[in-house]
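Remember, my numbering sits 636 above the position in the sequence shown when you count from 1.
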Amino acid sequence: MKPRILNIACIGAGYVGGPTMAVIADRCPEVSVTVIDLNEARIAAWNSDALPVYEPGLDEVVRRTRGRNLRFIPQREGAAAVAAADAVFISVNTPTKTQGSGAGKASDLSYVEACARYIAEHAKGHTIVIEKSTMPVRAADTIKRILSTSPHGGTFDVLSNPEFLAEGTAIRDLEKPDRVLIGGEASRAVEALAEVYAHWVPDTAIIRTGLWSAELSKLAANAFLAQRVSSINAISALCEVTGAQVEEVAKVLGSDSRIGPKFLKASVGFGGSCFKKDLLSLVYLCEFYGLTEPAAYWQSVQDLNEWQKRRFAQMAAAHAKKHGGVVAVLGLAFKKNTNDFRESPAIDICNHLLAAGIRLRLQDGRVDPEAFRSVLVDETQAGFAFFSQVEEAVRGAGAILILTEWDSYAEIDWGKLSRLSAPGITIFDGRTIVDRVSAMKAGLPVFVVGQGNDK
Ligand code: NAD
Ligand code: UGA
């Protein structure tokens, strides 16, 4: 008989573990879900009214489920939940290694390995262990090896069930996924997990594959998405020097049904905790297997992204130096509708400006200033300050940089703001959202990524 999953534990209460488990609990009222994390402050936040993750729709889902069939507990209280679990998700961070073999490229699996040891120690009976974190291909071998040391004679199936949600749209992506991917060897385990998702995902959208294909598909999917952004950003630079308009070019490309319209928005560069680390992980895997040219190909996607951020920062710095040396930065999150700024282009751009001796006035309605402060490097002592209002941030600025596409920035009344900023001010729109009519009426020049001047 196929095993049923009625008790779930998830290790890792981050941007993926928290929202994913909340949606599973919401859609499967008969399944009890426990989320475990080493970070007790994070667990306390999940149990409060100020959730640690900002995602549209998340509060409502957590309000419906928390205390019903969803709970968040610290790791030190997690042993019983793992022992009772039919399935344990591993949803911890898999950052780029900073030391040892593969440093700078390979994924650091130490957090995953710690979870596997914890499961091996506490699991009882038969447990399905599910890779939710993004892993390098064949990581399941490592997990299986650790699980085989279980002191209580526990037995395990290991599945790969990578997550494809994007931040800012996590709840929508989880509730209506393009696909759910389950990779595994034992079909009983695969079908038991498929039955959980079948509560709300049509079977046609549940893709079953082998373990290694599932692990690799996740890395490849992120690499393909990042590659599209780098491709359009490469075209954006050519637009600027030739007089072409990247929005027009993207529209033409996107109307080809083979290419499709999504992920063709030129920008200051992609950010987020995953694209860079997953590209580098893919580069490392290619190198590990002696595939030099594929490694160089994926590396170039990342290199182009670094170049895009750098050229934007250089243009802004050159202008700001001539106009008072003060820059207002609007938007610190790596994209709109999230408080996450991991690998945000704003970090590198701000640090480039600070290194050039430019004073920064920073604004973002969602990003925690204290946390963002810790990623800034101000060796020139140029200085930076955070402001809650755009009107305050732009005071005395010789350049305004738009680095996140928050809807509120598209609605800025530039007529009002132009009086507050320094003479010679230019807006550098890294997200193509500035209302150019309003800016033009206010006499404010706007540089937009990928917009050539066709005169
Ligand atoms: P995160 O850093 O927000 O959360 C990870 C959590 O795991 C942290 O709270 C940390 O304290 C906890 N943790 C680490 N080791 C632990 C241990 N041994 N025991 C208990 N808790 C532990 O990370 P995230 O953004 O949720 O990403 C998790 C994984 O999902 C990564 O592999 C990532 O690549 C992948 N992923 C992320 C996204 C995204 O949008 N953020 C989307 C798809 C996939
Ligand atoms: C991305 C993928 O979209 C998810 O499928 C995946 O699950 C996730 O990574 C992950 O593995 O972590 P995410 O990073 O949250 O999701 O956000 P995206 O919407 O993909 O945006 C990534 C970056 O690319 C952002 O900085 C965004 O502004 C930028 N971007 C995106 C562009 O510059 N142009 C575009 O057309 C699209």
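Note that CB positions come from ideal geometry on N, CA and C, so glycine has one too.
Assuming the contact rule is C-beta atoms closer than 8 Å, residue i and residue j should be a hit. Round their C-beta distance to whole Å, please.
i       : j       : result
Glu979  : Gly1034 : 27 Å between Cβ atoms; not a contact.
Leu996  : Ala953  : No, Leu996 and Ala953 are not in contact; Cβ-Cβ is about 11 Å, not under 8 Å.
Gly790  : Gly819  : Actually they are not in contact, since the Cβ atoms of Gly790 and Gly819 sit about 22 Å apart, beyond 8 Å.
Val669  : Ile644  : 5 Å
Ile985  : Ala949  : 4 Å
Ala730  : Val748  : Before going further, note that residue 730 is Thr rather than Ala in the sequence given. Correct: roughly 6 Å between the Cβ atoms.
Val865  : Phe899  : 6 Å
Thr1016 : Gly993  : 5 Å
Ile647  : Val724  : 7 Å
Take residue i as the anchor and find which of the options has the nearest alpha-carbon.
i       : options                              : result
Gln999  : Glu1028, Val669 and Asp984           : Glu1028
Ile755  : Thr770, Ser784 and Ile983            : Ser784
Met657  : Ala720, Asp685, Ile764 and Glu811    : Glu811
Arg700  : Gly1079, Asp685 and Trp1050          : Asp685
Val919  : Ala715, Arg894 and Val773            : Val773
Asn975  : Phe1008, Ala645, Glu883 and Pro1059  : Phe1008
Asn797  : Ala1021, Pro813 and Glu923           : Pro813
Asp695  : Pro655, Leu855 and Pro981            : Pro655
Glu1047 : Ala1058, Thr1062 and Ala1075         : Ala1075
Lys901  : Leu915, Leu861, Asp939 and Gln938    : Leu861
Arg815  : Phe792, Lys912, Leu829 and Thr840    : Thr840
Gly1051 : Leu1039, Ser1044, Leu829 and Asp1071 : Asp1071
Thr732  : Asp744, Ala721 and Ala723            : Asp744
Lys768  : Ile871, Gln944 and Ile779            : Ile779
Phe924  : Gly738, Ile660, Asn683 and Val671    : Gly738
Ser786  : Thr763, Thr770, Asn705 and Ala956    : Thr763
Gly905  : Pro981, Asp1004, Cys751 and Gly650   : Pro981
For residue i, is the beta carbon positioned less than 7 Å from some heavy atom of the ligand UGA?
i       : result
Ser866  : no
Ser784  : no
Asn858  : yes
Leu801  : yes
Leu861  : yes
Cys910  : yes
Leu900  : yes
Gly971  : Strictly speaking, residue 971 in this sequence is Lys, with Gly absent from that position. Yes - the ligand UGA has a heavy atom lying nearer than 7 Å to the Cβ of Lys971.
Gly693  : no
Phe1083 : no
Gly890  : no
Ser853  : no
Quick one: what's residue i bridged to in DSSP?
i       : result
Glu598  : Nothing about residue 598 can be read from this structure; the chain reaches only from 637 to 1091.
Ser668  : Asn643
Thr1062 : Ala1035
Phe1129 : In the structure as shown, the chain starts at 637 and stops at 1091, and residue 1129 therefore has no counterpart that could be examined.
Val965  : Leu998 and Leu1037
Asp673  : Pro710
Arg702  : Leu706
Any heavy atom of the ligand NAD closer than 7 Å to the CB of residue i?
i       : result
Tyr747  : yes
Arg678  : yes
Tyr651  : yes
Glu1006 : no
Ser727  : yes
Gln711  : yes
Thr778  : no
Ile1063 : no
Thr732  : no
Leu674  : yes
Thr1040 : no
Ser903  : no
Residue ranges of each alpha helix (DSSP H) run of no fewer than 4 residues wholly in the stretch 706-784, ordered along the chain?
Segments of the alpha helix (DSSP H) lying fully in the stretch 706-784: 715-720, 746-758 and 775-783.
Run through the stretch 899-960 for me and flag every whole alpha helix (DSSP H) of 4 or more residues, listed as ranges in chain order.
Here the runs fully enclosed are 911-924 and 928-958.
Whole runs of the beta strand (DSSP E) within the stretch 787-866, excluding any shorter than 3 residues:
For the stretch 787-866, whole beta strand (DSSP E) runs of length 3 or above, ordered along the chain, are 791-796, 816-819 and 842-845.
Would you mind listing the alpha helix (DSSP H) stretches within the stretch 1025-1054 that are 4+ residues and don't spill past its ends, in chain order?
You should have 1026-1029, 1043-1046 and 1050-1054.
Runs of beta strand (DSSP E) lying entirely within the stretch 972-1028, each at least 3 residues, in chain order:
Those beta strand (DSSP E) runs which fall completely within the stretch 972-1028 and span 3+ residues are 995-999 and 1020-1023.
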